[in-house]
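Visitor:
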Amino acid sequence: MRTSISDAAKLRALIDAEAHRAGFDAVAVTTPDAIPLAPARLAQFVADGFHGSMDWIAETLQRRGEPAALWPQVRSIIVLAMNYGPDHDPRGVLAKRERGAISVYAQNRDYHEVMKGRLKEIAGKLVARAGGDVKVFVDTAPVMEKPLAEAAGLGWQGKHTNLVSREHGSWLFLGTIFTTAELVPDRTEIDHCGSCRACLDACPTDAFPAPYRLDARRCISYLTIENKGPIPHEFREKIGNRIYGCDDCLAACPWNKFAKPAS
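Rendered as C-alpha coordinates:
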(Lines of atoms letter the chains of each structure in order from A and count residues from 1; the text may use other names and numbers.)
(Lines give C-alpha, C1' and ligand atoms only; values in the text may rest on other atoms or scores of the structure.)
Protein backbone atom coordinates (compact mmCIF):
# COMPACT_ATOMS: atom_id res chain seq x y z
CA MET A 1 0.00 0.00 0.00
CA ARG A 2 1.75 3.15 -1.23
CA THR A 3 1.56 6.28 0.89
CA SER A 4 2.65 9.83 0.10
CA ILE A 5 5.46 11.46 2.07
CA SER A 6 3.01 13.65 3.98
CA ASP A 7 0.71 10.72 4.72
CA ALA A 8 3.67 8.62 5.86
CA ALA A 9 4.74 11.39 8.24
CA LYS A 10 1.23 11.61 9.68
CA LEU A 11 1.09 7.83 10.11
CA ARG A 12 4.43 7.87 11.88
CA ALA A 13 3.26 10.60 14.24
CA LEU A 14 0.16 8.51 14.98
CA ILE A 15 2.24 5.40 15.61
CA ASP A 16 4.62 7.23 17.95
CA ALA A 17 1.79 8.82 19.91
CA GLU A 18 -0.19 5.60 20.26
CA ALA A 19 2.90 3.59 21.19
CA HIS A 20 3.80 5.92 24.04
CA ARG A 21 0.18 6.15 25.15
CA ALA A 22 0.13 2.34 25.34
CA GLY A 23 3.18 2.32 27.59
CA PHE A 24 5.94 1.43 25.16
CA ASP A 25 9.29 3.08 25.80
CA ALA A 26 10.58 3.10 22.24
CA VAL A 27 9.24 2.59 18.73
CA ALA A 28 10.96 2.52 15.34
CA VAL A 29 10.37 1.34 11.79
CA THR A 30 12.32 -0.90 9.44
CA THR A 31 11.73 -2.86 6.24
CA PRO A 32 11.33 -6.62 5.74
CA ASP A 33 14.60 -6.80 3.77
CA ALA A 34 16.68 -5.00 6.41
CA ILE A 35 18.33 -8.05 8.04
CA PRO A 36 20.21 -9.77 5.17
CA LEU A 37 23.00 -11.09 7.43
CA ALA A 38 20.74 -12.55 10.11
CA PRO A 39 19.78 -15.77 8.24
CA ALA A 40 23.40 -16.89 7.84
CA ARG A 41 24.16 -16.23 11.51
CA LEU A 42 21.10 -18.18 12.59
CA ALA A 43 21.94 -21.03 10.22
CA GLN A 44 25.43 -21.24 11.73
CA PHE A 45 23.91 -21.24 15.23
CA VAL A 46 21.84 -24.28 14.25
CA ALA A 47 24.66 -25.98 12.32
CA ASP A 48 26.84 -25.79 15.43
CA GLY A 49 24.10 -27.40 17.49
CA PHE A 50 23.92 -24.36 19.76
CA HIS A 51 20.10 -24.46 19.69
CA GLY A 52 20.08 -27.66 21.75
CA SER A 53 16.66 -29.30 21.80
CA MET A 54 14.85 -26.24 20.41
CA ASP A 55 14.04 -28.00 17.15
CA TRP A 56 11.49 -25.38 16.11
CA ILE A 57 14.33 -22.97 15.41
CA ALA A 58 15.79 -25.30 12.79
CA GLU A 59 12.35 -26.04 11.37
CA THR A 60 11.57 -22.35 10.77
CA LEU A 61 14.95 -21.11 9.55
CA GLN A 62 13.75 -19.64 6.25
CA ARG A 63 10.76 -17.82 7.71
CA ARG A 64 12.80 -16.45 10.60
CA GLY A 65 15.39 -14.91 8.34
CA GLU A 66 12.99 -13.54 5.75
CA PRO A 67 9.97 -11.68 7.17
CA ALA A 68 8.34 -11.65 3.73
CA ALA A 69 8.44 -15.45 3.73
CA LEU A 70 6.28 -15.32 6.86
CA TRP A 71 3.87 -12.80 5.33
CA PRO A 72 4.45 -11.80 1.69
CA GLN A 73 2.25 -8.69 1.95
CA VAL A 74 4.43 -6.96 4.55
CA ARG A 75 5.94 -3.64 3.45
CA SER A 76 7.04 -2.15 6.78
CA ILE A 77 7.80 -3.53 10.22
CA ILE A 78 7.16 -1.47 13.33
CA VAL A 79 9.32 -2.60 16.25
CA LEU A 80 8.30 -1.61 19.77
CA ALA A 81 10.19 -1.97 23.03
CA MET A 82 8.99 -2.02 26.63
CA ASN A 83 11.41 -1.54 29.49
CA TYR A 84 11.23 -4.09 32.31
CA GLY A 85 14.34 -3.02 34.20
CA PRO A 86 14.43 -3.87 37.93
CA ASP A 87 15.02 -1.26 40.64
CA HIS A 88 17.92 -3.29 42.08
CA ASP A 89 20.61 -5.68 40.88
CA PRO A 90 18.83 -9.05 40.57
CA ARG A 91 22.07 -10.89 41.27
CA GLY A 92 21.76 -10.00 44.94
CA VAL A 93 19.45 -12.96 45.55
CA LEU A 94 22.13 -15.40 44.42
CA ALA A 95 23.85 -15.06 47.81
CA LYS A 96 20.64 -16.02 49.63
CA ARG A 97 20.86 -19.76 49.20
CA GLU A 98 17.60 -20.38 51.03
CA ARG A 99 15.72 -18.55 48.27
CA GLY A 100 15.13 -19.50 44.66
CA ALA A 101 16.17 -16.99 42.00
CA ILE A 102 13.63 -16.30 39.25
CA SER A 103 14.49 -14.27 36.16
CA VAL A 104 13.26 -10.67 36.29
CA TYR A 105 11.07 -11.03 33.21
CA ALA A 106 9.05 -13.83 34.83
CA GLN A 107 8.31 -12.07 38.13
CA ASN A 108 5.28 -10.14 36.89
CA ARG A 109 2.43 -10.56 34.41
CA ASP A 110 3.11 -12.56 31.26
CA TYR A 111 4.65 -10.02 28.88
CA HIS A 112 3.16 -11.82 25.87
CA GLU A 113 -0.36 -11.03 27.08
CA VAL A 114 0.43 -7.49 28.18
CA MET A 115 2.18 -6.47 24.99
CA LYS A 116 0.00 -8.27 22.46
CA GLY A 117 -3.15 -6.52 23.63
CA ARG A 118 -1.45 -3.14 23.39
CA LEU A 119 0.05 -3.92 20.00
CA LYS A 120 -3.40 -4.82 18.70
CA GLU A 121 -4.71 -1.45 19.87
CA ILE A 122 -1.96 0.39 18.00
CA ALA A 123 -2.42 -1.78 14.92
CA GLY A 124 -6.15 -1.09 14.99
CA LYS A 125 -5.54 2.66 15.03
CA LEU A 126 -3.13 2.29 12.11
CA VAL A 127 -5.64 0.36 10.01
CA ALA A 128 -8.41 2.81 10.87
CA ARG A 129 -6.25 5.67 9.61
CA ALA A 130 -4.46 4.08 6.65
CA GLY A 131 -6.42 0.96 5.74
CA GLY A 132 -4.50 -2.07 4.57
CA ASP A 133 -3.70 -5.02 6.80
CA VAL A 134 -1.52 -5.75 9.82
CA LYS A 135 -0.22 -8.64 11.90
CA VAL A 136 1.18 -8.41 15.42
CA PHE A 137 3.79 -10.66 17.00
CA VAL A 138 5.26 -10.96 20.49
CA ASP A 139 7.66 -13.89 20.50
CA THR A 140 4.77 -15.96 19.11
CA ALA A 141 5.96 -16.54 15.53
CA PRO A 142 9.28 -17.13 13.73
CA VAL A 143 10.27 -13.46 13.80
CA MET A 144 13.85 -12.32 14.54
CA GLU A 145 12.92 -9.43 16.80
CA LYS A 146 16.44 -8.51 17.89
CA PRO A 147 17.97 -8.08 14.41
CA LEU A 148 14.85 -6.18 13.33
CA ALA A 149 15.11 -3.93 16.39
CA GLU A 150 18.75 -3.23 15.56
CA ALA A 151 17.87 -2.48 11.94
CA ALA A 152 15.14 -0.12 13.13
CA GLY A 153 17.58 1.74 15.38
CA LEU A 154 16.20 0.75 18.79
CA GLY A 155 19.59 -0.53 19.86
CA TRP A 156 22.21 -3.09 18.88
CA GLN A 157 22.74 -6.76 19.60
CA GLY A 158 25.40 -6.85 22.27
CA LYS A 159 28.07 -9.45 22.86
CA HIS A 160 25.52 -11.38 24.94
CA THR A 161 23.33 -11.49 21.78
CA ASN A 162 20.54 -9.50 23.44
CA LEU A 163 19.45 -6.03 22.43
CA VAL A 164 21.21 -3.13 24.15
CA SER A 165 19.79 0.38 24.17
CA ARG A 166 21.65 3.55 25.10
CA GLU A 167 18.52 4.73 26.92
CA HIS A 168 17.24 1.48 28.44
CA GLY A 169 20.21 -0.85 28.74
CA SER A 170 19.55 -4.58 28.31
CA TRP A 171 16.10 -4.81 29.90
CA LEU A 172 13.68 -4.70 26.97
CA PHE A 173 10.71 -6.72 25.78
CA LEU A 174 10.21 -6.55 22.02
CA GLY A 175 7.13 -6.78 19.83
CA THR A 176 6.45 -6.15 16.15
CA ILE A 177 3.64 -4.94 13.93
CA PHE A 178 3.87 -6.08 10.32
CA THR A 179 1.94 -3.72 8.04
CA THR A 180 1.13 -3.31 4.36
CA ALA A 181 1.67 0.45 4.75
CA GLU A 182 4.92 1.81 3.32
CA LEU A 183 6.53 3.79 6.13
CA VAL A 184 9.83 5.63 6.18
CA PRO A 185 12.41 3.38 7.91
CA ASP A 186 14.60 4.65 10.72
CA ARG A 187 18.39 4.60 10.71
CA THR A 188 20.12 1.46 11.97
CA GLU A 189 21.91 1.71 15.32
CA ILE A 190 25.65 1.00 15.46
CA ASP A 191 27.40 -1.24 17.97
CA HIS A 192 28.57 0.56 21.11
CA CYS A 193 30.03 -2.41 23.01
CA GLY A 194 33.61 -1.53 22.20
CA SER A 195 36.15 -3.61 24.12
CA CYS A 196 33.75 -4.34 27.00
CA ARG A 197 33.48 -7.98 28.11
CA ALA A 198 31.29 -7.53 31.19
CA CYS A 199 28.46 -9.74 29.97
CA LEU A 200 30.77 -12.47 28.67
CA ASP A 201 32.77 -12.64 31.89
CA ALA A 202 29.61 -12.65 34.03
CA CYS A 203 28.25 -15.90 32.60
CA PRO A 204 28.63 -18.63 35.24
CA THR A 205 28.52 -21.48 32.71
CA ASP A 206 30.67 -20.00 29.92
CA ALA A 207 27.78 -20.02 27.45
CA PHE A 208 29.49 -17.59 25.06
CA PRO A 209 32.10 -19.36 22.91
CA ALA A 210 32.90 -15.96 21.38
CA PRO A 211 31.51 -12.43 21.52
CA TYR A 212 28.09 -12.23 19.84
CA ARG A 213 27.73 -16.03 19.90
CA LEU A 214 25.62 -18.01 22.37
CA ASP A 215 25.70 -21.75 22.96
CA ALA A 216 22.21 -22.22 24.40
CA ARG A 217 23.10 -25.69 25.65
CA ARG A 218 25.28 -24.03 28.31
CA CYS A 219 22.91 -21.15 29.09
CA ILE A 220 21.12 -21.35 32.45
CA SER A 221 17.97 -19.82 30.96
CA TYR A 222 17.84 -22.65 28.44
CA LEU A 223 18.73 -25.29 31.01
CA THR A 224 16.02 -24.21 33.49
CA ILE A 225 13.27 -23.27 31.02
CA GLU A 226 13.56 -24.82 27.56
CA ASN A 227 15.45 -27.98 28.45
CA LYS A 228 13.03 -30.79 29.29
CA GLY A 229 15.59 -33.39 30.34
CA PRO A 230 17.89 -33.64 33.35
CA ILE A 231 20.41 -30.85 33.81
CA PRO A 232 23.95 -32.07 33.03
CA HIS A 233 26.08 -32.58 36.14
CA GLU A 234 28.73 -30.08 35.01
CA PHE A 235 26.23 -27.22 35.35
CA ARG A 236 24.37 -28.11 38.55
CA GLU A 237 26.69 -26.44 41.04
CA LYS A 238 27.12 -23.40 38.78
CA ILE A 239 23.37 -22.93 38.52
CA GLY A 240 23.20 -22.45 42.28
CA ASN A 241 19.79 -21.29 43.49
CA ARG A 242 18.53 -20.22 40.07
CA ILE A 243 15.31 -22.10 39.46
CA TYR A 244 13.91 -20.24 36.44
CA GLY A 245 16.16 -18.36 34.09
CA CYS A 246 19.26 -16.25 34.64
CA ASP A 247 19.92 -12.51 34.35
CA ASP A 248 23.67 -12.36 34.93
CA CYS A 249 24.74 -11.25 31.44
CA LEU A 250 21.94 -8.70 31.25
CA ALA A 251 22.61 -7.29 34.71
CA ALA A 252 26.34 -6.96 34.00
CA CYS A 253 25.85 -4.60 31.05
CA PRO A 254 27.21 -1.11 31.91
CA TRP A 255 24.61 0.52 29.68
CA ASN A 256 22.04 -0.33 32.36
CA LYS A 257 23.26 2.68 34.36
CA PHE A 258 21.28 4.88 31.98
CA ALA A 259 18.08 2.85 32.36
CA LYS A 260 15.17 3.79 34.59
CA PRO A 261 13.39 1.07 36.58
CA ALA A 262 10.19 -0.11 34.93
CA SER A 263 7.00 1.32 36.37
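My numbering numbers the first residue of the sequence shown as 6 and each following residue consecutively.
A virtual CB, placed ideally from N, CA and C, is assigned to each residue, including glycine.
Remember, it's a predicted structure, so these values are computed and weren't measured experimentally.
(1) With contact counted as at least three CB pairs below 8 Å, one residue from each stretch, are the region 230–240 and the region 261–268 in contact?
(2) Identify which residue in R171, Q78, T36, S58 has its Cα closest to the Cα of A221.
(3) CA-CA distance, E185 and T36?
(4) Less than 8 Å separating the beta-carbons of L177 and V84?
(5) Count the other CB atoms within 10 Å of the CB of D92; is the residue buried (16 or more) or exposed (fewer)?
(6) Could you tell me the distance, in whole angstroms, from the CA atom of E242 to the CA atom of P209?
(7) Excluding five sequence neighbours on each side, which residues of the same chain lie with their C-beta closer than 6 Å to the C-beta of D191?
(8) Which of helix, strand or coil does DSSP assign to I40?
(9) Per DSSP, what kind of secondary structure is L131 in: helix, strand or coil?
(10) Taking 7 Å as the cut-off, is the C-beta of V119 nearer than that to any heavy atom in the ligand MN?
(11) For the beta strand (DSSP E) containing G180, name the first residue and the last one.
(12) Pull up the DSSP beta-bridge partners for F1, would you.
(13) What first and last residue would you give for the alpha helix (DSSP H) that runs through A212?
(14) For the pair the region 158–171 and the region 189–204, tell me if three or more CB-CB distances fall below 8 Å.
(15) Check whether the Cβ atoms of L47 and L188 sit closer than 8 Å, and answer yes or no.
(16) Pull up the distance between the alpha-carbon of R114 and that of F183, whole angstroms please.
(17) Going by DSSP, which residues form a beta bridge with W161?
(18) Should A86 and A39 be called a contact, given that it needs their Cβ atoms to be closer than 8 Å?
(19) Assuming D252 and P95 form a contact by the criterion Cβ under 8 Å, report the distance between their Cβ atoms to the nearest whole angstrom.
(20) Using the DSSP secondary-structure output, state which residues sit across from L85 in a beta bridge.
(21) According to DSSP, is I62 helix, strand or coil?
(22) Spell out the partners DSSP gives Y249 in its beta bridges.
(23) Does DSSP put G174 in a helix, a strand or coil?
Guide: If we stick to the structure as given:
(1) no
(2) S58
(3) Inspection of the sequence shows that residue 185 is occupied by Thr rather than by Glu. Straight-line Cα distance between these residues: approximately 11 Å.
(4) no
(5) exposed
(6) 10 Å
(7) A33, V34, A157, G158
(8) coil
(9) helix
(10) As presented, the structure is devoid of all ligands, the ligand MN included, so that no description of it is given.
(11) 177–184
(12) Outside the displayed span of the chain (6 to 268) sits residue 1, for which this structure offers no information.
(13) No alpha helix (DSSP H) holds A212; DSSP gives it neither H nor E.
(14) yes
(15) no
(16) 25 Å
(17) V169
(18) no
(19) 5 Å
(20) V32, G180
(21) helix
(22) I107
(23) strand
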